[in-house]
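Asks: Sharing a structure, written as structure tokens. Questions coming.
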Amino acid sequence: MRQVIVAGNWKMNGSKETVNTLVMGILAGMSEVNSTVIVCVPSPYLSQVEALTTHSQLNLGAQDLNVNASGAFTGEVSADMIKDFGAQYVIVGHSERRSLYAETDAVVANKVQVALDNGLTPIFCIGETLAERDSGQMESVVMRQIQAVIDLSGIDAFKHIIIAYEPVWAIGTGVTATPQQAQDAHAFIRSILAQNDANIAQSTAILYGGSMNPNNAAELIGCEDIDGGLIGGASLKAEDFLQICKVG
Ligand code: PEP
């Protein structure tokens, strides 16, 4: 039985004041939540959120990492730095990183491996663009994205990876995949894992991301192969985020 996981991706949003309000709001409702809950915060706020969440049920994550341990990489953040602030999770390969910062499958796979090497759990994002879906390439795209990680790290790596299926056309657009579209994609992703290892396929958490909100979360997370959500916009309001967290 896979436990429901709900992860918030705050992206580049927040201030000291709003971060405080948001985290305190989430913490206030955590006693009614059974899911594993993660907030992936902008790096400057890791310390603040670490201090607010110590000894709580709220888990901390970052949004990206650099593959190098340290050195002349201006603006970048290493796995060690992320761990230094008590974070256990890191989003890797978000579609915004892939499209805006030209992260290829190979770059993303390398980041997944470095996260694992450093004891962080990668939230490994995959998903097709609208053009790819419309031209019937959804399956080949997610297959290629997953295969890059299998080729570099092996199927066993998925014992420590959370997958987030995020159709790019549904991210931040208000257009959600229908439960059937999402379930079909998730089942396909699980079948790719199963071709390599049936047990790993059954135990790997596959989250859905793309305009998930309190109104559609229950139906999506209720699908057989959808194990939770990666939430952007709706993770910035404590009440909305908590409602999604309570689905589990
Ligand atoms: C995301 O950025 O990972 C995401 C799913 O965003 P939104 O929920 O806003 O579509």
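Sequential numbering of the sequence shown, starting at 259, is according to the numbering used here. C-beta atoms are modelled at their ideal positions from N, C-alpha and C, and glycine is treated no differently. This structure is a prediction, so every number in the text was calculated from the model and none was measured.
Touching or not, the region 402-411 and the region 369-383, by the rule of three or more beta carbon pairs under 8 angstroms?
Replies: Yes: at least three Cβ pairs fall under 8 angstroms.
Asks: Could you give the distance in angstroms between the alpha-carbon of Met-259 and the alpha-carbon of Cys-503?
Replies: Residue numbering aside, residue 259 sits at position 1 when the sequence shown is read from its first letter. Residue numbering aside, residue 503 sits at position 245 when the sequence shown is read from its first letter. Cα-Cα distance, rounded: 18 angstroms.
Asks: Quick test of your reading: Leu-500 and Val-277, contact by CB under 8 angstroms. State the CB separation rounded to the nearest angstrom.
Replies: Residue numbering aside, residue 500 sits at position 242 when the sequence shown is read from its first letter. Residue numbering aside, residue 277 sits at position 19 when the sequence shown is read from its first letter. Actually they do not touch by this definition, with Cβ atoms about 16 angstroms apart.
Asks: How would you write the range of the alpha helix (DSSP H) that Leu-465 sits in, first residue to last?
Replies: By 1-based counting over the sequence shown, the position of residue 465 is 207. Taken as a continuous stretch (DSSP letters only), Leu-465 belongs to no alpha helix (DSSP H), being part of the beta strand (DSSP E) at 464-467.
Asks: Nearest by alpha-carbon distance to Gln-439: which of Asn-454, Ala-406 and Glu-482 is it?
Replies: Stepping through the sequence shown from its first residue, residue 439 is reached at position 181. Considering only alpha carbons, the answer is Glu-482.
Asks: Between the region 380-394 and the region 334-346, can you find at least three pairs of beta-carbon atoms closer than 8 angstroms?
Replies: Judged by Cβ distances under 8 angstroms, the region 334-346 makes no contact with the region 380-394, as fewer than three pairs qualify.
Asks: Following a CB-centred definition, is Ala-428 positioned closer than 8 angstroms to any heavy atom of the ligand PEP?
Replies: Numbered from 1 along the sequence shown, position 170 holds the residue referred to as residue 428. Yes; taking the cut-off as 8 angstroms, the Cβ of Ala-428 has a heavy atom of the ligand PEP nearer than that.
Asks: Check the C-beta distance from Leu-378 over to Lys-341 and give it rounded, since I have them as a contact under 8 angstroms.
Replies: Indexing the sequence shown from 1 puts residue 378 at position 120. Indexing the sequence shown from 1 puts residue 341 at position 83. So it is a contact: roughly 7 angstroms between Cβ atoms.
Asks: Report buried or exposed for Thr-436, applying the criterion of at least 16 other Cβ atoms within 10 angstroms of its Cβ.
Replies: Position 178 of the sequence shown, counting from 1, holds the residue named residue 436. The residue in question, Thr-436, is exposed, as its Cβ has fewer than 16 Cβ neighbours within 10 Å.
Asks: Does DSSP put Gly-486 in a helix, a strand or coil?
Replies: To locate residue 486, count along the sequence shown from 1; it is residue 228. In this structure, Gly-486 counts as strand in the three-state DSSP scheme.
Asks: Closest by CA to Ile-284, which one among Ser-273, Glu-477, Val-297 and Leu-323?
Replies: In the sequence shown, counting from the first residue as 1, residue 284 sits at position 26. Closest option to Ile-284, Cα to Cα, is Val-297.
Asks: What residue range does the alpha helix (DSSP H) around Gly-283 cover?
Replies: On the sequence shown, residue 283 is found 25 positions in, with the first residue counted as 1. Unbroken alpha helix (DSSP H) run through Gly-283: 274-287.
Asks: Please classify Asp-363 as buried or exposed, where buried requires at least 16 neighbouring CB atoms within 10 angstroms.
Replies: Start at 1 with the first residue of the sequence shown, and residue 363 comes out as number 105. Buried, since its Cβ has 16 or more Cβ neighbours within 10 Å.
Asks: State the Cα-Cα distance for the pair Val-365 and Gln-395, rounded to the nearest angstrom.
Replies: Residue 365 sits at position 107 when you count from the first residue of the sequence shown. Residue 395 sits at position 137 when you count from the first residue of the sequence shown. One C-alpha to the other measures close to 21 angstroms.
Asks: Please give the ranges of any alpha helix (DSSP H) in the region 350-396, keeping only runs that are unbroken, at least 4 residues long and fully inside the region.
Replies: The region 350-396 contains these whole alpha helix (DSSP H) runs: 353-358, 363-375 and 388-392.
Asks: Buried or exposed, going by whether 16 or more other CB atoms sit within 10 Å of the CB of Asn-267?
Replies: One-based indexing of the sequence shown puts residue 267 at position 9. The residue in question, Asn-267, is buried, as its Cβ has 16 or more Cβ neighbours within 10 Å.
Asks: In three-state terms, what does DSSP make of Asn-474?
Replies: Locating residue 474 in the sequence shown gives position 216, where the first residue counts as 1. Coil, per DSSP.
Asks: State the DSSP-derived secondary structure class of Ser-328, mapped to helix, strand or coil.
Replies: Sequence index remark: in the sequence shown, residue 328 carries index 70 (1-based). Of the three classes helix, strand and coil, the one that applies to Ser-328 here is coil, per DSSP.
Asks: Looking at C-alpha atoms only, which residue of Leu-465, Gly-432, Ile-484 and Val-281 is the closest neighbour of Gly-491?
Replies: Your numbering for residue 491 matches position 233 in the sequence shown. Nearest C-alpha to Gly-491: Gly-432.
Asks: Can you give me the start and stop residues for the beta strand (DSSP E) that Asn-513 sits inside?
Replies: The question about residue 513 has no answer here: the residues shown for the chain are numbered 259 through 506.
Asks: Which residue wins for smallest C-alpha separation from Arg-356, given the options Arg-448, Gln-321, Gly-480 and Val-264?
Replies: Position 98 of the sequence shown, counted from the start, is the residue given in the question as residue 356. Nearest option by C-alpha distance: Gln-321.
Asks: Under a three-way DSSP split, which group does Cys-503 fall into?
Replies: Position 245 of the sequence shown, counted from the start, is the residue given in the question as residue 503. Correct three-state label for Cys-503: helix.
Asks: Along the chain, where does the beta strand (DSSP E) containing Ile-296 start, and where does it finish?
Replies: The residue you call residue 296 lines up with position 38 of the sequence shown. From DSSP, the beta strand (DSSP E) with Ile-296 extends over 294-298.
Asks: Determine, using beta-carbon pairs with one atom in the region 397-406 and one in the region 444-454, whether at least three such pairs fall under 8 angstroms.
Replies: Counting Cβ pairs under 8 angstroms, three or more are found: they touch.
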